[in-house]
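Here the structure is laid out as C-alpha cells; the discussion comes afterwards.
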Amino acid sequence: MEFDYALLIVAVLVVVLVVTLIVRSVKVIPQAQAAVVERLGRFSKTSNAGLLWLVPFIDRIRARVDLREQVVSFPPQPVITEDNLTVSIDTVVYFQVTDPRAAVYEIANYIVAVEQLTTTTLRNVVGGMNLEQTLTSRDAINGQLRGVLDEATGKWGIRVARVELKAIDPPPSIQDSMEKQMRADRDKRAMILTAEGTRESAIKTAEGNKQAAVLTAEGAKQASILAAEGERQSRILRAQGDRAARYLQAQGQAKAIEKIFAAVKAGKPTPELLAYQYLQTLPQLAQGDANKVWMIPSEFSNSLEGFAKMLGAKGEDGVFRYEPPKPDPADAAVRPGADDEDVADWFGGTSAEEVAQAVRAAEQEAALTVADQDAERAAQVRAEVEARMQFPPQPGIGALPPGVQAAVDDPAVLDPARLDPGPPPPAGP
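Written as C-alpha cells, this is what we have:
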C-alpha cells in the first residue's frame with residue numbers, strides 16, 4: 001500500500017510539472033498587441049498576435065504593448081503668453097506605438113514622457129504669441145506641437161498622429177473685457193444692420209415717391225393736354241358759331257337792303273318823296289346824348305333838286321326819278337349769296353352734330369326774333385308817321401303809286417335805322 005501512494009504522488013507531481021511547463025511555454029497574444037520576449041534576461045524577439053511558444057524557465061514576456069492609436073488627455077496647463085498673461089490650456093494627444101522594442105527599452109514610461117514633452121513644447125510655442133494670436137491661431141499651435149512631438153518621440157517608437165487644444169481659458173478679467181468687446185461688436189453689427197435696413201427702406205421709399213411723382217406728373221400732363229385740347233375745341237366751336245352768326249346777320253342785312261332797294265325801285269319815288277323821307281329823319285338827328293347840332297341851310301332843297309336831276313332821269317310826267325345803274329357782269333361774282341359755296345361748310349357736317357343742331361336752333365330763333373322786332377318797329381314807325389302827317393296836301397303831290405305804297409307798308413322800308421341817310425352833304429356854292 002505504501003508503494004501505491006508513492007507512485008500516485010510521483011504521478012501527480014509529474015502531471016503538475018507537465019501542466020506548469022505547458023502553461024509557461026504556450027502564450028496567446030491578442031490582436032493589436034505585441035509581446036517583447038526576453039531569454040535569460042536579454043531581448044530575444046517581438047511576437048505579434050497569435051500563439052507564442054516559450055522555453056520554460058528560460059524565455060519570458062517582458063511587456064505587452066498596445067499597437068492601437070491611443071488618446072491621452074492631459075489636465076489643463078497654465079501657460080504664460082508673450083504679453084505676460086496666464087492662460088489655461090487643455091491638450092489632447094493622439095499617438096501610436098510603432099516599435100514595441102523601442103517603446104519598452106528606450107523610455108521607461110512613454111505616456112508620462114509624452115505628457116511632459118507636450119507641456120514643455122506648448123509653453124515654448126505659446127510663449128512666443130500674444131493672447132490674441134493664441135486665441136486665433138489654434139491650427140498653427142496644433143501643427144507646431146505635432147511636429148515637435150513627432151520628432152522627439154520617434155526614437156521611442158511612437159508616432160504622434162495629431163495634437164488638439166481642447167480649451168484656452170484666459171484670466172477672468174480678460175474674459176470680462178472680451179465679453180464686453182464681443183457685446184460691443186454685436187451692438188455695432190446690430191446698429192450697422194439697422195442703419196443698412198433704414199437706408200434700404202429710405203431708398204425704397206424715395207424710389208416709390210419718385211415713381212409716384214412721375215406718375216402724378218404724367219397724369220397732370222395728360223390732364224393739361226386734354227384740358228388744353230378741350231379749350232381749343234371749345235374756342236374753335238365758339239369761333240365757328242360767331243363766324244356763322246355774323247355771316248347770317250350780314251346776310252340778313254344784305255337781304256333787307258336788297259329788299260328795300262327793290263321796293264324803292266319798284267315804287268319809282270319822286271324827289272319830293274325822298275325829300276319828305278329825309279325831313280322825317282331830321283327830328284331823330286337831335287335825339288341822343290350828342291352835343292352837336294347840324295344846321296340845314298336853306299339852299300339844301302336846291303342842292304337836293306340838282307342832285308336828283310344829276311342822278312335821276314326825267315319821266316313821262318316830267319318828274320326826275322332815280323335810275324340805278326345797270327348791273328355789271330363783273331360784279332356778279334361779289335353780289336350777295338355768291339360766296340355761299342365758300343361758307344357752305346360753316347353750316348354743314350364738318351362740325352359736331354350737336355353744334356350743327358345748336359346753329360340751326362339759333363338761326364330759327366334769330367329769324368323769329370328779327371321778324372317780330374321788324375313788325376313791332378314798323379308798327380311804331382307807321383303810327384309816328386300818321387301822327388306827323390297832319391298837314392294839308394301840297395300842290396303837285398298826289399296819291400302815291402301802288403309800288404311806293406307797298407314799299408311804305410313794308411316794315412323794312414319804314415325802319416328808321418335802315419332809312420338813315422347819314423350826315424347831310426355839304427352845301428353847294
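According to UniProt numbering, the sequence shown is numbered sequentially starting from 1.
Beta carbons are placed, not taken as given, at the ideal position from N, Cα and C, and that holds for glycine.
Nothing here was measured: the structure is a model prediction, and the numbers come from that model.
Strand pairing of residue i, partner residues [DSSP]
i      : result
Val-72 : Val-93
Buried or exposed by the 16-neighbour rule on C-beta atoms within 10 Å, applied to residue i
i       : result
Thr-205 : exposed
Leu-8   : exposed
Val-79  : buried
Ser-47  : buried
Ile-225 : exposed
Val-160 : buried
Ile-203 : exposed
Ala-407 : At Ala-407 the pLDDT is 46, less than 50, meaning the model places this residue with poor confidence; the figure from the coordinates comes in the next sentence. That one is buried.
Pro-100 : buried
Gly-230 : exposed
Arg-146 : buried
Gly-267 : buried
Tyr-5   : exposed
Leu-21  : exposed
Ile-141 : buried
Thr-216 : exposed
Val-104 : buried
Leu-193 : exposed
Ser-351 : For Ser-351, the predicted structure reports a pLDDT of 49, less than 50, and the residue's modelled location is therefore unreliable. A value from the coordinates is still provided. By the 10 Å Cβ count, Ser-351 comes out buried.
Thr-281 : exposed
Val-12  : exposed
Ala-244 : buried
Ala-263 : buried
Leu-17  : exposed
Val-114 : buried
Val-10  : exposed
Ala-427 : In this predicted model, Ala-427 has a pLDDT of only 44, less than 50, meaning its place in the structure is not dependable; the value taken from the coordinates is given anyway. Classification for Ala-427: exposed.
Rounded distance between the beta-carbons of residue j and residue i, thought under 8 Å
i           : j       : result
Val-126     : Leu-149 : Actually they are not in contact, since the Cβ atoms of Val-126 and Leu-149 sit about 15 Å apart, beyond 8 Å.
residue 468 : Leu-51  : Residue 468 is absent from the model: the chain starts at 1 and stops at 429.
Val-93      : Thr-119 : 11 Å between Cβ atoms; not a contact.
Gly-157     : Thr-81  : That pair is no contact at about 34 Å.
Gln-33      : Asp-66  : 6 Å
Gln-133     : Phe-95  : No, Gln-133 and Phe-95 are not in contact; Cβ-Cβ is about 27 Å, not under 8 Å.
Arg-68      : Ala-35  : Not really, about 15 Å apart at Cβ, beyond 8 Å.
Ala-102     : Lys-45  : In fact, because the Cβ distance is near 14 Å, the residues do not count as touching under 8 Å.
Ala-131     : Asp-83  : Checking the sequence shown, residue 131 turns out to be Leu, not Ala. 6 Å between Cβ atoms; contact.
Cutoff 7 Å: residue i Cβ touching any chain D Cβ
i       : result
Glu-151 : No chain D appears in the structure shown, which is made up of a single protein chain.
Near the ligand NAD: residue i beta-carbon under 6 Å from a heavy atom
i      : result
Leu-13 : This structure does not include the ligand NAD; it has no bound ligands of any sort.
Notebook entry, point to check: Touch check for the stretch 197-204 and the stretch 100-110: three-plus C-beta pairs under 8 Å?
Noted result: no
Ignoring anything shorter than 3 residues, give me the beta strand (DSSP E) runs that lie fully in the UniProt domain "Band 7" (24-182), in order along the chain. 26-29, 33-39, 42-47, 50-53, 59-66, 69-73, 77-80, 86-97, 158-169
### Query
Is the stretch 131-139 in contact with the stretch 49-60, if contact means three or more CB pairs nearer than 8 Å?
no
Discussion item. Under 8 Å: do the stretch 164-171 and the stretch 74-90 share three or more Cβ pairs, one atom per stretch?
Written reply: yes
Say whether the stretch 34-43 touches the stretch 69-76, bearing in mind that this needs 3 or more beta-carbon pairs closer than 8 Å, one atom from each stretch. no
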